[in-house]
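What follows is a short report on a single structure.
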Amino acid sequence: MSGAGRTSRIAVTRADLCEAVYKKVGLSRSESATLVELVFKEITDRLEVGETVKLSSFGSFVVRSKGPRMGRNPKTGKEVPIAPRRVMVFKPSAILRQRLVGADEAIE
214 MSGAGRTSRI AVTRADLCEA VYKKVGLSRS ESATLVELVF KEITDRLEVG ETVKLSSFGS
274 FVVRSKGPRM GRNPKTGKEV PIAPRRVMVF KPSAILRQRL VGADEAIE
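For this note's numbering, add 213 to where a residue sits in the sequence shown, where the first one is 1.
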């Protein structure tokens, strides 16, 4: 996982999360992987049925419904209909936003 003060853009993977749980919680590697997968499954299952997932001090995952609308193909300029769909939005908590602002100030 990326350390404090790193400015490079490295994605954190499931394997990284499993390894962090393994090191910090003391579960076996397979138990850590199972735990991480169960957490992701629970979040996914709740979002799939339209529930909001709120994680204290982190943020909320919210599913929103977008209605149909007309869009425009940027290449041709032709109007095209866009079907209604559900989208997921992440809203960071105030605590996370403040930590990110502090991280930006530390990098500069």
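Ideal Cβ placement from N, Cα and C applies to all residues, glycine included. Just so we're clear, the structure is a prediction, and the values are computed from it rather than from any experiment.
If I follow the unbroken alpha helix (DSSP H) through residue i, where does it start and stop?
i	result
Phe253	242-261
Going by other Cβ atoms of all chains shown within 10 Å of its Cβ, with 16 needed for buried, is residue i buried or exposed?
i	result
Ser245	buried
Val302	exposed
Val314	exposed
Val234	buried
Less than 8 Å between the CB atoms is what I'm expecting for residue i and residue j, so what's the real figure, rounded?
i	j	result
Leu240	Leu248	7 Å
Ser273	Arg299	Not confirmed; about 16 Å, so no contact.
Thr265	Val252	So it is not a contact: roughly 16 Å between Cβ atoms.
I need the DSSP call for residue i, collapsed to helix, strand or coil.
i	result
Glu232	helix
Gly284	strand
Val314	helix
Val276	strand
Val302	strand
Can you give me the start and stop residues for the beta strand (DSSP E) that residue i sits inside?
i	result
Pro294	292-295
Val324	As shown, the chain starts at 214 and ends at 321. That puts residue 324 outside it, with no answer to give.
Might you give, ordered along the chain, the residues of its own chain that have their beta carbon closer than 7 Å to the beta carbon of residue i, omitting 5 neighbours on each side?
i	result
Ser306	Ser270, Phe271, Gly272
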